[in-house]
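This report refers to the structure that appears directly beneath it.
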Amino acid sequence: MATQKQSVSQKRFDEWLPKLVVAPSFILSLIFIYGFIIWNGYLSFSASRMLPNYEWVGIVQYQSLWDNDRWWVALKNLGIFGGLFIGVGTVLGLFLAILLDQKIRAEGALRSIYLYPMALSFIVTGTAWKWILNPSFGLEHLMQSWGFTNFTFDWLVNSDKAIYTVVIAGVWQSSGFVMALFLAGLRGIDDSIIKAAQVDGASLPRIYWRIIIPSLRPVFFSTIMILAHLAIKSFDLVMALTNRGPGYSTDMPASFMYTMAFERGQLGVGAASSTMMLAMLAAIVVPYLYSELRGYKKNG
Amino acid sequence: MAKSTRFIVYTVLLIAALFYLLPMYVMLTTSIKSMDEIRNGSLLAFPAAISFEAWGKAWSSACTGIECSGLKPFFWNSVKIVVPAVILSTMLGAVNGYVLTKWKFKGSDIIFSMMLFGVFMPLQVVLLPMSQTLGWMGLTESVWGLVTVHVLMGIASTTLFFRNYYVSIPDELVKAATLDGAGFFRIFWRILLPLSTPIIMVTFIWQFTNIWNDFLFGVVFSGSDSKPITVGLNNLVNTSTGVKEYNVDMAAAIIAGLPTMIIYIVAGKYFVRGLTAGAVKG
């Protein structure tokens, strides 16, 4: 009798054990994801300035956010940076992947060279490019010393052009990674399709354009999703390369949020801007996650 | 393919390689030049005389604001943050992934899907609540605050990695072990973990590079004695007192990037797998 009772409670314990083991990290991560989203959302409707203040004031913080010229600059920069970063990054990555896929002799070495920037932090990358793009010693100086005396390249210190230097460094950093994604996609394509097309007399560029690239649609989808997500979050690169300047001409939503919340003592506006970032991210990520999860179900 | 086309393909690939190598070359050569040579020479010129003085300065005596003790203290802070944060988040991810695949319970799939969003969420959303919470916990000025933040924010991705890996391990292995009377932990320890080396490597590298390269949490949550290397480098480069020493800046940048570069070189295969796994599956 006693042993039976013990085995029942033992069994119940065994059933609960897995749940008990994961409960802390599940609960903590749900609190730190959704609890904090709600908390931050509440702050964005509060009267918070230098310090958090939980008095509800409605959309006042959002009004001052959208009235803020600097926020508009940040959005415009996100548009320019995001568009070029995604566009150039994807095209360059795909192009390199296609070239590397032509049974290239030193493929491994080239792949490693294209990909290594991804191991470095944006702060390191930004520091290096800041030096290269520096007008007095960098590229401009180099070209002039080579005899192109009229050559100017002062984008880094030109408030209309500085955002494009962020694009250069950003593309340098992540296009190798895009290349790796596309290369993996290309290797997954069945060779016999290509052989059949070749037998039909189609040229190689035509095969790529008509058959191979269209079949890489899922890779395009993931790549653009990831690059867009990086663009919205990009903070480190701006801080290291241009420090939001000249003036605030290279500010982006992430650096705007930091400025407001931690330098200007405008917690409420900072919270409102991060809520806007969340909305942008959710708009691209939720459909993506939905389709991925449907994929999981299908594959068991 | 025609010989001429092949030639063009190789040329383009080599030009691309030069573009990717350029910053590394410039960083390395600048870091071993003297300031005179930097001022008078060209960006691409190989140094006339090699000197490691700038490296020594970047490591132990360059100014990062008012302090002039180089990157050394920041480097060690990063080590103190990275080691516990990576170990803890990897362990939690392993156990979570194990439960989510082999001990599924009602609602576990929903919780997992909800956690997935944490991989993508803009971290700006957690900054304000987190700084309050760390303040209450008394962790704002110590490296433990950053360890806590990185572990909490890392659980979603480490769980995802292990979950995706354990899905491919046959459930029959676990069932057979249960029939033999093996318990929850015994199965994990004896069956799952010995098979997990590849995914532990991937998770380890992913977490290590992310945490080592983090700047946002470092700049927001660290006190004067707990700033990580990225913050140290940024302060060093942006310090405006005295003559700007580009060779020291470049040496500092290389020092800050060295640990992740070493991992990339030593465990490149796992590095790529981590990147693409983290990308394609979330």
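Chains as they are written, first to last, in my numbering: chain A, 89 to 388; chain B, 522 to 803. Note that the Cβ used here is the ideal one computed from N, Cα and C, for glycine as well.
Helix, strand or coil: which one does DSSP assign to residue 555/B?
-> Three-state DSSP puts residue 555/B in coil, outside helix and strand.
Indicate whether residue 720/B and residue 694/B have their beta-carbon atoms separated by less than 8 Å.
-> no
Give the residues of chain A in contact with residue 532/B, contact being defined as C-beta atoms less than 7 Å apart.
-> Per Cβ cutoff of 7 Å: no residues; residue 532/B is ~10 Å from chain A at best.
So which residues of chain B does residue 375/A contact, with C-beta pairs closer than 8 Å?
-> What residue 375/A touches in chain B: nothing, since even the nearest Cβ is about 12 Å away.
Please name the residue, chosen from 562/B, 640/B and 532/B, that lies closest to residue 233/A on a Cα-to-Cα basis.
-> 562/B
Please name the residues in the segment 631-644 of chain B whose beta-carbon is closer than 8 Å to at least one beta-carbon of chain A, in chain order.
-> 632, 634, 635, 636, 637, 638, 639, 641, 642, 643 and 644
What residue range is occupied by the uninterrupted alpha helix (DSSP H) comprising residue 486/B?
-> Nothing in the structure corresponds to residue 486/B, since chain B is present only between 522 and 803.
Could you round the C-beta distance between residue 257/A and residue 208/A to whole angstroms and report it? I think they count as a contact, below 8 Å.
-> Residue 257/A to residue 208/A, Cβ: 11 Å. No contact.
Taking all protein chains shown into account, decide if residue 228/A is buried (16 or more other Cβ within 10 angstroms of its Cβ) or exposed.
-> buried
Taking the C-alpha atoms as reference points, what is the distance between residue 157/A and residue 760/B?
-> 28 Å
Kindly give me the distance between the Cβ atoms of residue 212/A and residue 737/B, rounded to whole angstroms, as I take these residues to be in contact under 8 Å.
-> Actually they do not touch by this definition, with Cβ atoms about 15 Å apart.
Listing by chain order, which chain B residues have their CB less than 7 Å from the CB of residue 109/A?
-> Simply 616 and 620.
Rounded C-alpha distance that separates residue 803/B from residue 731/B | Residue placement at residue 803/B is poorly supported in this model, since its pLDDT is 36, which falls under 50; the coordinates are not used for a value here.
Measure the alpha-carbon distance for residue 614/B versus residue 190/A and round it to whole angstroms.
-> 39 Å
Taking Cβ-Cβ distances below 9 Å as the criterion, which residues of the segment 650-662 of chain B are in contact with chain A?
-> 650, 651, 652, 653 and 654
Give the range of the alpha helix (DSSP H) segment to which residue 248/A is assigned.
-> No alpha helix (DSSP H) contains residue 248/A, which DSSP labels as neither H nor E.
Starting from the C-beta of residue 181/A, find all residues in its chain whose C-beta is less than 6 Å away, skip the five residues before and the five after it, and write them out in chain order.
-> 263, 266, 267 and 270
Report the residues of the segment 326-340 of chain A with a CB closer than 9 Å to any CB of chain B, ordered along the chain.
-> 327, 328 and 331
At least one CB of chain B closer than 8 Å to the CB of residue 349/A: is that the case?
-> yes
Below-8 Å beta-carbon distance, residue 523/B vs any chain A residue = no
Chain A partners of residue 705/B, CB-CB under 9 Å?
-> 102, 105, 106 and 109
Whole-number beta carbon distance between residue 359/A and residue 151/A, since they are thought to touch under 8 Å | The Cβ separation is near 14 Å, so there is no contact.
With DSSP as the reference, label residue 234/A as helix, strand or coil.
-> coil
Note down the Cα distance separating residue 184/A from residue 169/A, rounded to an integer number of angstroms.
-> Cα to Cα, residue 184/A sits roughly 21 Å from residue 169/A.
Segment limits, alpha helix (DSSP H) that includes residue 327/A | Run containing residue 327/A: 324-329, per the alpha helix (DSSP H) assignment.
What distance in whole Å lies between the Cβ atoms of residue 698/B and residue 690/B, which are believed to be in contact at a cut-off of 8 Å?
-> At roughly 12 Å, the Cβ-Cβ gap does not stay under 8 Å, so residue 690/B and residue 698/B are not in contact.
Identify the contact partners of residue 164/A in chain B, using a Cβ-Cβ distance below 9 Å as the criterion.
-> Result: empty, since nearest Cβ-Cβ is about 19 Å, beyond 9 Å.
Closest residue to residue 629/B among 585/B, 594/B, 599/B and 684/B (Cα-Cα distance) = 684/B
Would a C-beta distance cut-off of 8 Å place residue 593/B and residue 580/B closer than the cut-off?
-> yes
Interface residues of the segment 532-566 of chain B facing chain A [CB-CB below 8 Å] | 533, 534, 537, 538, 540, 541, 542, 543, 544, 545, 547, 548, 551, 559, 560, 563, 564 and 565
Between residue 250/A and residue 337/A, is the Cβ-Cβ spacing less than 8 Å?
-> yes
Please classify residue 761/B: does DSSP put it in a helix, a strand, or coil?
-> coil
Straight-line gap, residue 388/A to residue 622/B (C-alpha atoms, nearest Å) = Its pLDDT being 41, under 50, residue 388/A is placed unreliably in this model, and the value from its coordinates should be taken loosely. Cα to Cα, the separation comes out at about 11 Å.
For residue 243/A, the nearest candidate out of 307/A, 187/A, 217/A and 364/A (CA to CA) = 217/A
Cα-Cα, which of 611/B, 625/B and 750/B is closest to residue 775/B?
-> 750/B
So, are the CB atoms of residue 253/A and residue 363/A less than 8 Å apart?
-> no
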